[in-house]
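Undergrad: Quick note: the sequence shown uses our numbering, first residue 141, plus one each step.
Ideal Cβ placement from N, Cα and C applies to all residues, glycine included.
Just passing along the structure, written as structure tokens.
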Amino acid sequence: MRTLIRALVVALLGLVALALPAAAQESVTITLREQSGSGQSGTVVLTAVGNQTRVVVTLSNPPAGVAQPAHIHEGTCFNLNPQPRYPLQSLMNGRSETVIDVPLSQLLAGQFAINVHKSQQEISTYVACGEIRAQLAPATGVGSSSLPVWGVITAGLAGLLLLTSGIALRRVWR
Ligand SMILES: [Cu+2]
Numbered sequence: 141m142r143t144l145i146r147a148l149v150v151a152l153l154g155l156v157a158l159a160l161p162a163a164a165q166e167s168v169t170i171t172l173r174e175q176s177g178s179g180q181s182g183t184v185v186l187t188a189v190g191n192q193t194r195v196v197v198t199l200s201n202p203p204a205g206v207a208q209p210a211h212i213h214e215g216t217c218f219n220l221n222p223q224p225r226y227p228l229q230s231l232m233n234g235r236s237e238t239v240i241d242v243p244l245s246q247l248l249a250g251q252f253a254i255n256v257h258k259s260q261q262e263i264s265t266y267v268a269c270g271e272i273r274a275q276l277a278p279a280t281g282v283g284s285s286s287l288p289v290w291g292v293i294t295a296g297l298a299g300l301l302l303l304t305s306g307i308a309l310r311r312v313w314r
């Protein structure tokens, strides 16, 4: 009986280990702050797609008919490596969507910033920027998406604890 319980506990812990990273990395929202007095701010939603990441950039007050280049750079918004690490689709009418060849977990583990440039002609002017690391507070999508999973796990663990303590007590009384 003890072997069975041990096997159950191991199986349950395995489930927890699997559920935790999956739930924590589904989707993350980054805030893009205005730069250079551009009047443009917005968000980036990073979503895990297997070993890739979908990056959706949305920016307010887009210039009419002008493409705005966007990239993921190494560093922070205040100390940015000017060489893009992961180029994104240029924004058109304040929106762009790109699937990049890097797992979301790797983006979250490193130090990266997403920035948008004024135009191809004025590439050196940054209009908005946001750090990926700065957004890991529970207030983002991370917390809300992992909550139901944790509820299920906690209930399962509580049930298992009751079951094993019941069995243990019965053994003691016999
Ligand atoms: Cu850039």
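#1: For Val185 and Ser200, I'd like the C-alpha separation in whole angstroms.
#2: Under the rule that 16 or more other beta-carbon atoms within 10 Å means buried, what is Phe252, buried or exposed?
#3: What is the DSSP secondary structure of Ala207, counted as helix, strand or coil?
#4: Which whole-angstrom value describes the C-beta separation of Ala268 and Gly205, a residue pair presumed to lie in contact below a C-beta threshold of 8 Å?
#5: What are the partner residues of Thr238, as DSSP defines its beta bridges?
#6: According to DSSP, Gly270 sits in a beta bridge with which residue or residues?
#7: Going by the beta-carbon positions, is the gap between Val197 and Glu166 smaller than 9 Å?
#8: Closest to Leu231 by CA distance: which of Ala210, Ile263, Asn221 and Leu220 is it?
#9: Put Gln246 into one of helix, strand or coil per three-state DSSP.
#10: Any heavy atom of ligand 1 inside 8 Å of the beta-carbon of Ala210?
#11: Are the CB atoms of Cys217 and Gly179 nearer to each other than 9 Å?
#12: Any heavy atom of ligand 1 closer than 8 Å to the Cβ of Asn255?
TA: Concretely, from the data shown:
#1: 15 Å
#2: buried
#3: coil
#4: So it is not a contact: roughly 19 Å between Cβ atoms.
#5: Val195
#6: Ile254
#7: no
#8: Ala210
#9: helix
#10: yes
#11: no
#12: yes
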